[in-house]
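Chains as they are written, first to last, in the working numbering: chain A, -8 to 395; chain B, -8 to 395; chain C, 8 to 168; chain D, 8 to 168. Glycine included, every Cβ here is placed at the ideal spot set by N, Cα and C. In what follows, a structure is listed as structure tokens, so that the remarks can point back to it.
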Amino acid sequence: MRRVYLDHAATTPVHPQVAKVAVQYMTETFGNPSSIHCFGREARQAVEGARATVASLIGAQPEEIYFTSGGTEADNLAIQGVALAAADGRGHIITSQVEHHAVLHTCEFLEKRGFDVTYLPVDGHGMVDPDQVARAIRKDTVLITVMLANNEVGTIQPIADIARLAREKGVPVHTDAVQAAGNIPVDVNRLGVDLMSLSSHKIYGPKGTGALYVRRGTRISPTVHGGAHERGLRAGTENVPGILAMAKASELAQAEMPQRMAHVARLRDRFLKGLMEKVPDVRLNGHPTARLPNNASVSVLYVEGESVLLNLDLQGIAASSGSACTSGRLEPSHVLVAMGIPHDISQGSLRFSFGRGNTEEDVDYVLEVLPSVIARLRAMSPLGPGKKQAGPAGGRAGAARGRG
Amino acid sequence: MRRVYLDHAATTPVHPQVAKVAVQYMTETFGNPSSIHCFGREARQAVEGARATVASLIGAQPEEIYFTSGGTEADNLAIQGVALAAADGRGHIITSQVEHHAVLHTCEFLEKRGFDVTYLPVDGHGMVDPDQVARAIRKDTVLITVMLANNEVGTIQPIADIARLAREKGVPVHTDAVQAAGNIPVDVNRLGVDLMSLSSHKIYGPKGTGALYVRRGTRISPTVHGGAHERGLRAGTENVPGILAMAKASELAQAEMPQRMAHVARLRDRFLKGLMEKVPDVRLNGHPTARLPNNASVSVLYVEGESVLLNLDLQGIAASSGSACTSGRLEPSHVLVAMGIPHDISQGSLRFSFGRGNTEEDVDYVLEVLPSVIARLRAMSPLGPGKKQAGPAGGRAGAARGRG
Amino acid sequence: MYSEKVMEHFTNPRNVGEIPDADGVGQVGNPVCGDIMRMYIKVRRGRIADIKFKTFGCGAAIATSSMVTELVKGKSVAEALEISNRTVAEALGGLPPHKMHCSNLAADALHRAIQDYLGKKKASGAEGRGARVGTRAGRPGRGGAAKQGRRWSGRRTGAQT
Amino acid sequence: MYSEKVMEHFTNPRNVGEIPDADGVGQVGNPVCGDIMRMYIKVRRGRIADIKFKTFGCGAAIATSSMVTELVKGKSVAEALEISNRTVAEALGGLPPHKMHCSNLAADALHRAIQDYLGKKKASGAEGRGARVGTRAGRPGRGGAAKQGRRWSGRRTGAQT
Ligand SMILES: Cc1ncc(COP(=O)(O)O)c(C=O)c1O
Ligand SMILES: Cc1ncc(COP(=O)(O)O)c(C=O)c1O
């Protein structure tokens, strides 16, 4: 069976060249960078080289890069670390309602520990309003954290504007660039941010490695304690193969960025055009232009997302509904809810995210399979154009039980 | 030049079979375990299989294993997580003075946040007295954390006794088994512990993966927030290749344990015997019998450790002084200090840690090189047998400056 | 994630469709939860002679809908009322835990349809109709439920429909 | 970690040894810090005619000891006193930051040796000796330092020696 992977926003296959680097640093240059002998020094040198490579991807200085175990840890370190370093362990944090759970749940954790958090709304395209950010800033605001590109609908936020307004009031800005860095041009200085989270496995690097950019002078405390690794900000023996692999992935991403962007955008547009032509009642989610080039998030009316995904999966096509990280749960995506999309529509949302390995044939195969899947499920659905949904009177006994 | 790696306590080369597994899960079974499609389900199944394998290494149930980014994070999660879950965010923790910095510095962090910590002393062999642990327990003690085997001197602690006394008083016990699990038989039930830290890179697995064992019913909170990975205790896309590689390393460690233990003990004993015969004034650090089979920690009198290591390194031999994690700092090892070893002796401490790849020829090569290195440095040293050291009157102007 | 049996029913669902002149129609769910199931039944001599469903929902919702129709066909109304959501899940070889409460409601939909049928029978028989203001027999999805006086327990679904 | 020059001096240190009839002996460091450096000098016509060292310490300690002996040989006493720890580190092409304060004390040891020499010269010349109770000229490692009245700034080194 043909297998077509269209879930690159969830994770990517590791580039063969990247895997080769990982193996080299597992089996050959395997030393502990803290060791003073030759094995250790080789590893140390390699890690510092990798730091420079990753820094260059986002226009940072090598000393401003701190390796972590992934995007989630980078988000946690940024937010918890800045909060911990804040004067009296209390204060105010500003974020948005469409952040990844790594940011949202960290904010909620801090809320329980005494911090105040403002969760800013977004417009129908999932966009945060910089003026609202500025208005939300208080005297005790210790951090603003707004993502660069949304993992679900692909919307790119006006971070440069947010950071400019924040800088005027002296508030540091963190941005979760996990979906952006390596996929679109990102520059910490042009954006003007103070902290930025990166992850390797979204750009053809391995899972389990990420990085936090911290602008020099930013007050931040470690959250994982132990040895003096990563200049005291993140303890733990460095994941040398992961770090070197992430650097290789970053290097390739930087070198091939224009081609990759053009390639995925062309496939994405071919897909959207074909889908809209073949299937009625499909809507694009997210911003029409300020969006990641590889993201096609759509809502297919009158069908439920998982049933579409399962049918696609049966025919070898991998896509996602909502973000992969939460697809094990039944709650409708918090991102689509925040964008004001009605529940019956958001339940039919699907995310197709393209990658460097996809081809036009992949797209054409999906355009062959998907319309008939949708047609079959629509035929099975009690909802549909013109049909009025049953409404409250059809209430079910189980409604009060919540949803698992 | 011949290269002999005798620093397996710092890190180990990844087993070729393990590296192969890692590559497979980077490039082929690369899915995100949270995805519901086939790519994701394959990854999920693999991770759950790995969980069972790692559990079996320490006699645990699969659901009691939580993957982390390494031993340091496992220690942090255990200690911070139990502390966070403790009723009112305050309480008392018992640990020892010879713990790894991942434990000690986490305890110090919690001390700053309002917890009380008792750092128990050890005897001259680096051993904690279980009765002292029992006596230290207070009404508000929330955790006892004592390592299973010391990374520097190899001493194995009486954890089963400690856990039995702790259980009587209802206090959970964590043990850092990073140096032990996979290298000697370890069973969470025979030991009676509630939490146990593991690390992959000490047993021929890759860096950047570890695990925390948490006995069912133990109260613990997450420290990294985000998606509902690892049953809500540790957010972040699972490091699938790292986890599968750690499982493969665990499987091999379990299967080959008797042979590996015998092999490294034989080499270690050959080394110690040869060294003691050839070089006067060498002392073994740590317990004479209750110690890791691969650890030879010695103090070579009248010479300083780093200068020995550098000379060995010039001849291709990799060893360590103190723990690798702190060898970038100039403080004498806190472990040797806690054992009451005088500073001039602890400065000459060296750790040789043997591994499955070492041979008798390796040992003989070191026994050829090391005595002449020591002889040369001793000839250069103002210290020596019979010579009385200069003592305080030779005080230096810089003494008050601290030590960098 | 799903058992083979679930996938088999999901892939080849039995008895999909509507029965225009159904004797009873029952619906559960709403798009907030993610699943809507509607059951149509034909009753002959106290037995479920025909049953069809329409479902908007995930794999579990479709499979349980299909399974319940298969389980119930030919059964007496009393027997049909004994089939629970749990029976359905077991017949499918189990469901993922997080699907048990949300998507396993096909038996509830069936029971609604039977109540609708019984209510209509009663109405077309002897008793008064004061209690049934605003419901028209045979209109899909309305009917029995209103009588229960149970509504949406505060969820803001109205805006979405 | 170390520059090539450091490694070269560490591997082939110059002027290792003692001078039994030294004109001045100076020692710095202690095993708590990790390094002990002892310098022996011979002075002829106001110039450092010979110099030897003994060092217990890390690579930087050995290399700086060696380098200072090379820098100072043949220099006048006044010139020798101008050589600082920094001069030595620079001559070695730099040292790792964490080694700068702890192991870079060879110039201090040299200065002690020179002070010892100057003190003895003074003593064998005219002045009184009341201040020098308990020190015997020429005894390695004692001498000049005691005069300074500077001791161990509270570190518990006595127990370790
Ligand atoms: C926007 C965003 N932030 C954070 C993360 C978490 O990163 P990681 O998977 O490396 O933990 C992800 C992906 O899962 C993401 O898409
Ligand atoms: C006893 C002990 N605990 C914890 C650690 C930290 O583990 P990791 O290197 O995986 O962070 C180490 C090794 O560095 C160790 O030896």
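Exposed or buried, what is residue i when buried is set at 16 or more other beta-carbons lying within 10 Å of its beta-carbon?
i        : result
C/Arg143 : Only weak support exists for where C/Arg143 lies, its pLDDT of 38 falling under 50; the coordinates are left without a value.
B/Arg42  : buried
A/Ala246 : exposed
B/Ile27  : buried
B/Pro7   : exposed
B/Asp304 : buried
A/Ser363 : exposed
A/Arg398 : Residue 398 of chain A is absent from the structure shown; chain A starts at -8 and stops at 395.
A/Pro163 : buried
C/Lys61  : buried
A/Leu36  : The sequence given here places Gln at residue 36 of chain A; Leu does not occur at that position. Label assigned to A/Gln36: exposed.
B/Glu297 : buried
According to DSSP, which residues form a beta bridge with residue i?
i        : result
C/Asn37  : C/Asp42
D/Thr119 : It is worth fixing the name first, because residue 119 of chain D is Arg in this sequence and not Thr. Paired residues: none, contrary to the question.
D/Lys49  : D/Asp57
A/Asn286 : A/Ser344
B/Tyr356 : According to DSSP, B/Tyr356 bridges with nothing at all.
B/Ser190 : B/Gly201
A/His220 : A/His220 pairs with nothing; no bridge assigned.
D/Phe63  : D/Ile43
B/Ile84  : B/Val108, B/Leu134
Let me check understanding here. Comparing Cα to Cα, which of the options lies closest to residue i?
i         : options                                : result
B/Thr200  : B/Pro213, B/Asp152, B/Leu101, B/Val169 : B/Val169
A/Val75   : A/Ile49, A/Leu156, A/Glu102            : Looking at the sequence itself, residue 75 of chain A is Leu, so the reference to Val does not match. Among A/Ile49, A/Leu156, A/Glu102, the Cα nearest to that of A/Leu75 is on A/Glu102.
A/Gln71   : A/Gly105, A/Thr44, A/Gln52             : A/Gly105
A/Leu301  : A/Leu361, A/Ser344, A/Met248           : A/Leu361
A/Lys198  : A/Thr2, A/Arg(-7), A/His278            : A/Thr2
D/Cys65   : B/Pro376, B/Gly375, B/Met371           : B/Met371
B/Thr136  : B/Leu186, B/Arg155, B/Arg181           : B/Leu186
D/Thr18   : D/Ser91, D/Ser73, D/Glu86              : D/Ser73
A/Val119  : A/Thr350, A/Ala244, A/Thr166, A/Gly339 : A/Thr166
A/Thr86   : A/Ala154, A/Gly115, A/Ile332           : A/Ala154
A/Met(-8) : A/Gly40, A/Tyr356, A/Leu111            : A/Tyr356
Considering only their Cβ atoms, is the gap separating residue j from residue i smaller than 9 Å?
i         : j        : result
B/Val94   : B/Met138 : yes
B/Val289  : B/Val273 : yes
B/Ala13   : B/Gly233 : yes
B/Gln88   : B/Val326 : yes
B/Ala172  : B/Ile49  : yes
B/Cys29   : A/Ala309 : yes
C/Gly33   : C/Leu125 : no
B/His(-1) : B/Asn276 : no
B/Gly82   : B/Val133 : yes
A/Ala65   : A/Thr59  : yes
C/Asp30   : C/Ile48  : yes
D/Thr76   : D/Arg119 : no
C/Val84   : C/Val50  : yes
A/Val205  : A/Leu224 : yes
Residues in its own chain within less than 8 Å of residue i by CB, not counting five upstream and five downstream?
i        : result
B/Arg222 : Glu54, Tyr57
A/Leu398 : Because chain A is modelled from -8 through 395, residue 398 of chain A falls outside the range shown and cannot be assessed.
A/Gly31  : Gly22, Asn23, Pro24, Ser25
C/Arg136 : Residue confidence for C/Arg136 is low, a pLDDT of 40 falling below 50, so the modelled location carries little weight; the figure read from the coordinates is stated next. Around C/Arg136: Ala130.
For residue i, which residues from the same chain have a beta carbon less than 6 Å from its beta carbon, with the 5 sequence-adjacent residues on both sides left out?
i       : result
A/Val45 : Ile56, Ala202, Ala238, Ser241
C/Glu15 : none
A/Asn67 : Thr97
Give me, in chain order, the residues of the same chain whose beta-carbon lies closer than 7 Å to that of residue i; leave out the 5 immediate sequence neighbours on both sides.
i        : result
B/Asp353 : Val(-5)
A/Arg158 : Gly183
B/Ile365 : Val270, Val291, Val294, Val299
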